[in-house]
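Engineer: Following our numbering, the numbering of the sequence shown begins with 208 at its first residue and continues without gaps.
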Amino acid sequence: MKLELLAPAQNKECAISAINYGADAIYIGAKSFGARSSAGNSLKDIQEVVNYAHKFYVRVYCTINTILDDYEIIEAQKLIEALYKINVDGVIVQDMGILELALEGKLPPIQLYASTQCNNRTLEKAQFFDKLGIERVILARELSLKEIEEICKNTSCEIETFIHGALCVSYSGQCYLSYSIGGRSANRGECAQPCRKKYSLVDDKGNILAKEKHLLSLKDFNASEHINELAKIGVSSFKIEGRLKDENYIKNVVAYYRQKLDKIGEKTSSGKVFLDFEPNVSKSFNRGFTDYFLEGRQKIFNFDTPKSIGEKIGKIEEVGKNYFVIKNNNLHAQDGLYFNGTGCLVNKVEGNKIYPNKMMGIKKGLIVYRNSDVEFEKQLKTSKTKRQIAVKITVLENKIEAIDEDNNKASILIQSTETAKNREKMEETLTRQLQKTGESDFFCEKIAINATNLPFLPVSQINNLRRDLFNKLMDERIKNYKKIEQKPLKYTDYPEKEIDFRGNVHNEYAKRFYEKCNCKITEKSLESGLSTKEKPLMTTKHCLKYAFNLCKRPINLYLIDEKNQKYKLKFDCKNCQMQIFKESN
208 MKLELLAPAQ NKECAISAIN YGADAIYIGA KSFGARSSAG NSLKDIQEVV
258 NYAHKFYVRV YCTINTILDD YEIIEAQKLI EALYKINVDG VIVQDMGILE
308 LALEGKLPPI QLYASTQCNN RTLEKAQFFD KLGIERVILA RELSLKEIEE
358 ICKNTSCEIE TFIHGALCVS YSGQCYLSYS IGGRSANRGE CAQPCRKKYS
408 LVDDKGNILA KEKHLLSLKD FNASEHINEL AKIGVSSFKI EGRLKDENYI
458 KNVVAYYRQK LDKIGEKTSS GKVFLDFEPN VSKSFNRGFT DYFLEGRQKI
508 FNFDTPKSIG EKIGKIEEVG KNYFVIKNNN LHAQDGLYFN GTGCLVNKVE
558 GNKIYPNKMM GIKKGLIVYR NSDVEFEKQL KTSKTKRQIA VKITVLENKI
608 EAIDEDNNKA SILIQSTETA KNREKMEETL TRQLQKTGES DFFCEKIAIN
658 ATNLPFLPVS QINNLRRDLF NKLMDERIKN YKKIEQKPLK YTDYPEKEID
708 FRGNVHNEYA KRFYEKCNCK ITEKSLESGL STKEKPLMTT KHCLKYAFNL
758 CKRPINLYLI DEKNQKYKLK FDCKNCQMQI FKESN
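#1: Quick one: give me the first and last residue of the beta strand (DSSP E) that C269 is part of.
#2: To which residues of the same chain is Y264 closer than 6 angstroms at the C-beta, ignoring the five residues directly before and after it?
#3: So for I669, helix, strand or coil by DSSP?
#4: Compare the beta carbon distance of Q324 and Q301 with 7 angstroms and say whether it is the shorter of the two.
#5: Under 7 angstroms Cβ to Cβ from D276, same chain only, skipping five residues before and after it: list those, please.
#6: Do T617 and G304 have their CB atoms nearer than 7 angstroms?
#7: What are the boundary residues of the alpha helix (DSSP H) that G304 is part of?
#8: Please look up how many angstroms separate the CB atoms of F510 and K420, rounded, as I've assumed it's under 8 angstroms.
#9: Hey, out of S387, F508, G548 and I656, whose CA is closest to L422's CA?
#10: For the alpha helix (DSSP H) holding H713, just list the boundary residues, first then last.
#11: Does L473 come out as helix, strand or coil in the three-state DSSP assignment?
#12: My assumption, with CB atoms under 8 angstroms, is that D517 sits in contact with R594. Please give the rounded CB distance.
#13: At 3 residues or longer, what runs of the beta strand (DSSP E) sit wholly inside the segment 384-423?
#14: Is the segment 743-755 touching the segment 779-791, taking contact as three or more C-beta pairs under 8 angstroms?
#15: Is it true that the CB of I574 sits closer than 7 angstroms to the CB of F531?
#16: For V598, does the count of other Cβ atoms within 10 angstroms reach 16, so buried, or fall short, so exposed?
#17: Using alpha carbons as the reference points, say which of C375, K404 and Q640 lies closest to P665.
#18: Please classify H261: does DSSP put it in a helix, a strand, or coil?
#19: Taking C-alpha atoms, which residue in I355, C364, R328 and N326 lies nearest to D337?
#20: Does the Cβ-Cβ distance between K458 and Y228 come in under 7 angstroms?
#21: Throw me the rounded Cβ distance for the E397 and S244 pair, which I believe falls under 8 angstroms.
#22: Please classify A297: is it buried, with 16 or more other beta-carbons within 10 angstroms of its beta-carbon, or exposed?
#23: With DSSP collapsed to three states, give me the class of H371.
#24: According to DSSP, what are the bridge partners of T497?
#25: Rounded to the nearest angstrom, what separates I767 and F778 at their Cα positions?
#26: Thinking just about the alpha-carbon of each residue, which of L672, R684 and Q622 is nearest to the one in D648?
#27: Out of A225, I728, Y721 and K723, state which residue places its alpha-carbon closest to the alpha-carbon of D707.
#28: Please go through the segment 295-366 and give each complete alpha helix (DSSP H) segment of 4 or more residues, from N-terminal end onward.
#29: Hey, could you find the ends of the alpha helix (DSSP H) V794 is sitting in?
#30: Quick one: what's M785 bridged to in DSSP?
#31: Relative to the C-alpha of N782, which residue among C750, D700, E582 and K775 is closest?
#32: S579 bridges to which residues according to DSSP?
#33: Kindly provide the ranges of any beta strand (DSSP E) runs that are 3 or more residues long and lie completely inside the segment 551-577, ordered along the chain.
#34: Between K418 and S407, which are expected to be in contact by the criterion C-beta below 8 angstroms, what is the C-beta distance as a whole number of angstroms?
#35: On a Cα-Cα basis, can you pick out the residue from E211, I235, A289 and L620 that is closest to L451?
#36: Take Q772 as the anchor and find which of S443, K606 and L384 has the nearest alpha-carbon.
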């Protein structure tokens, strides 16, 4: 089975690294209308990424996954037209107004994918997009393996799931907390991440259950142990989160999942990755790992810190005046350590003795993590990993032929009037020089010499022939690249008869779309200027009642932030969900 590894790209450099280290597809933001507004890219840079990606048959998707006002949706239309012209393969969208543009024939036939921001957490929602004609549905992160399997079995579109990276505590597209606090809307790509701030948890009698903890901060997603199961139940695209992550993070995480996927299926792209390090996702930014709800509820939160904790090193066995002991620690000077909500830097290491830059908080029995491995980061930064396409070369009497792993073919004539006097030596020279693919995009898998009268060729001429042959073969690859176009969409009934502000309808095109799908809009988007009073600002499967073992107690709970703003918590115990409402001060 063919499986797509989909990697994020903050910029052109991250995109190139994602491709070189094994991604089958990348997703990247343009200058505007992306859910990560600080990760925008020019059309020129995106075109360079597309040109590089398509050499390896890697696909490029652009994120236009914010809600748009009536002016912006026309600008988004122009942007999509421009992206189509530079051969972007698909667009990830949240705003239903874009689908209305497509239905009205106002968009080029670029593939359209339903972003996780569309709140895709039910079979009915996935089936709606499937019947509509959407090529791919990106599922909510909160779904279990059983729920994902049900969706895969009962839809014909491609199904994409997240497998790694940061977790939004709220259902995607249903978080209004940042907008409520300071006007920075998550649905508009400007989330201020209030979920990573400190809160206190109190009951209606004023008892403090938790004081100034990161009560809405989740661990990071890691589904690496479930890749095989996800593939078997029908997931076709495996998505890494991280459009704000740096190049080293991309190299490590993409290489790690490339190895995982190669064990169970085929790539959707081409080329072999010649890796020069051992990937380890624990060494890159993480808040501790969870597989979230794939196999039922578990400890998904990290209340102590929203920062990276990294990889587990071990337990402190002994504490001296200016050092502490961890056996077999494998630490280096300048490594960063995390423990018990704080941390330190390593000044030097002598055997099992670690000399930190400060001793504050260090005591016997503490579990210590390394959240900055300087040697590993250096290894990533200087990595010479490359990706090359397999090619077989055949030498004939009057030409050299090449065929790559995707069955693209090219040949080049040999200009020689002299037959080799020493055939064995000429064969050795040809084989040696043709294998010197160096920094090209190809590597020689096999060389066959099938010439009865082998021509004599000097080394310089062989090198020129090899270069020209590879250039010709690459031109053929690009010419034969298969760009899949969006099939026509058709209106179909929305699974709900009416929808309120949670439909995120921010423009007239979106309103028209829902109405044509037989769904009444009772409220426009919250960002249109509606009051946040008595409206759920966040809906989440992270439940503080569950976290504090209060499930069976009839208790009213509140969050209080660092500015003393109070939020009421409501619990749907049947569906194990929590909602957050703003209380009037």
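All C-beta atoms, glycine included, are put in the ideal place defined by N, C-alpha and C.
Structural biologist: Straight from the coordinates:
#1: As a position in the sequence shown, residue 269 is number 62, starting the count at 1. Element bounds for C269: R266 to I271.
#2: Position 57 of the sequence shown holds residue 264. Leaving aside the five residues that flank Y264 on each side, the residues in its chain whose CB is nearer than 6 angstroms to its CB run, in chain order, S476 and S477.
#3: On the sequence shown, position 462 is the one that residue 669 refers to. DSSP places I669 in helix when its eight states are reduced to three.
#4: On the sequence shown, position 117 is the one that residue 324 refers to. On the sequence shown, position 94 is the one that residue 301 refers to. Yes.
#5: Position 69 of the sequence shown holds residue 276. For D276, where only same-chain residues beyond five positions count, the Cβ hits under 7 angstroms are H713 and N714.
#6: Stepping through the sequence shown from its first residue, residue 617 is reached at position 410. Stepping through the sequence shown from its first residue, residue 304 is reached at position 97. Correcting the residue type first, residue 617 is Ala in the shown sequence and not Thr. Taking 7 angstroms as the Cβ cut-off, A617 and G304 do not qualify as a contacting pair.
#7: The residue labelled residue 304 in the question sits at position 97 within the sequence shown. It spans M303 to L310 - the alpha helix (DSSP H) in which G304 sits, taken as one unbroken run.
#8: The sequence position of residue 510 within the sequence shown is 303, counting from 1. The sequence position of residue 420 within the sequence shown is 213, counting from 1. Between F510 and K420 the beta-carbon gap is near 4 angstroms, inside 8 angstroms, which marks them as a contact.
#9: For this step, residue 422 is matched to residue 215 along the sequence shown. Minimum Cα distance to L422 is reached at F508.
#10: Here residue 713 is taken as the residue at index 506 of the sequence shown, counted from 1. Annotation for H713: no alpha helix (DSSP H) segment contains it, and DSSP assigns it neither H nor E.
#11: Taking the first residue of the sequence shown as 1, we reach residue 473 at position 266. According to the sequence as given, residue 473 is Glu; it is not Leu. E473 falls in the strand class under three-state DSSP.
#12: Residue mapping note: residue 517 aligns to position 310 of the sequence shown, counting from 1. Residue mapping note: residue 594 aligns to position 387 of the sequence shown, counting from 1. The residue you asked about is not Asp; residue 517 is Gly in the sequence shown. No, G517 and R594 are not in contact; Cβ-Cβ is about 28 angstroms, not under 8 angstroms.
#13: Listed in chain order, they are 406-410 and 415-420.
#14: The segment 743-755 vs the segment 779-791: in contact.
#15: Position 324 of the sequence shown, counted from the first residue, corresponds to residue 531. Position 367 of the sequence shown, counted from the first residue, corresponds to residue 574. No, these two residues do not count as a Cβ contact at 7 angstroms.
#16: As a first step, residue 598 is located in the sequence shown; it is residue number 391 there, counting from the start. That one is buried.
#17: By one-based count along the sequence shown, residue 665 stands at place 458. The option with the nearest alpha carbon to P665 is Q640.
#18: For the purposes of this step, residue 261 is taken as the residue at position 54 of the sequence shown. Reduced to three states, the DSSP call for H261 is helix.
#19: Working through the sequence shown from its first residue, we reach residue 337 at position 130. Nearest Cα to D337 within the set I355, C364, R328 and N326: C364.
#20: By one-based count along the sequence shown, residue 458 stands at place 251. By one-based count along the sequence shown, residue 228 stands at place 21. Their beta carbons are under 7 angstroms apart, which means K458 touches Y228 by this criterion.
#21: Numbered from 1 along the sequence shown, position 190 holds the residue referred to as residue 397. Numbered from 1 along the sequence shown, position 37 holds the residue referred to as residue 244. 5 angstroms between Cβ atoms; contact.
#22: Here the question's residue 297 lines up with position 90 in the sequence shown. Here the sequence assigns Gly to residue 297, which means Ala is not the residue at that position. The residue in question, G297, is buried, as its Cβ has 16 or more Cβ neighbours within 10 Å.
#23: One-based indexing of the sequence shown puts residue 371 at position 164. In the three-state reduction of the DSSP assignment, H371 falls in the strand class.
#24: By 1-based counting over the sequence shown, the position of residue 497 is 290. For T497, which the question treats as bridged, DSSP gives the partners F428.
#25: Translated into positions along the sequence shown, residue 767 becomes position 560. Translated into positions along the sequence shown, residue 778 becomes position 571. Rounded to the nearest angstrom, the two C-alpha atoms are 17 angstroms apart.
#26: On the sequence shown, position 441 is the one that residue 648 refers to. Checking every option, the nearest Cα to that of D648 belongs to R684.
#27: Counting from 1 along the sequence shown, the entry for residue 707 is found at position 500. For D707, the nearest C-alpha among the options comes from I728.
#28: The segment 295-366 contains these whole alpha helix (DSSP H) runs: 303-310, 330-339 and 352-360.
#29: The requested residue 794 does not occur in the structure, where the chain is confined to residues 208 to 792.
#30: Working through the sequence shown from its first residue, we reach residue 785 at position 578. DSSP output for M785 lists T747 and F778 as bridge partner(s).
#31: For the purposes of this step, residue 782 is taken as the residue at position 575 of the sequence shown. The residue among C750, D700, E582 and K775 with its C-alpha nearest the C-alpha of N782 is C750.
#32: On the sequence shown, residue 579 is found 372 positions in, with the first residue counted as 1. The bridge partners DSSP lists for S579 are G543.
#33: 560-563, all fully within the segment 551-577.
#34: Sequence index remark: in the sequence shown, residue 418 carries index 211 (1-based). Sequence index remark: in the sequence shown, residue 407 carries index 200 (1-based). The pair is a contact, with the Cβ atoms about 5 angstroms apart (cut-off 8 angstroms).
#35: In the sequence shown, the residue the question calls residue 451 occupies position 244. Closest by C-alpha distance to L451, out of E211, I235, A289 and L620, is I235.
#36: As a working mapping, residue 772 is identified with position 565 in the sequence shown. With distances taken between CA atoms, Q772 lies nearest to L384 out of S443, K606 and L384.
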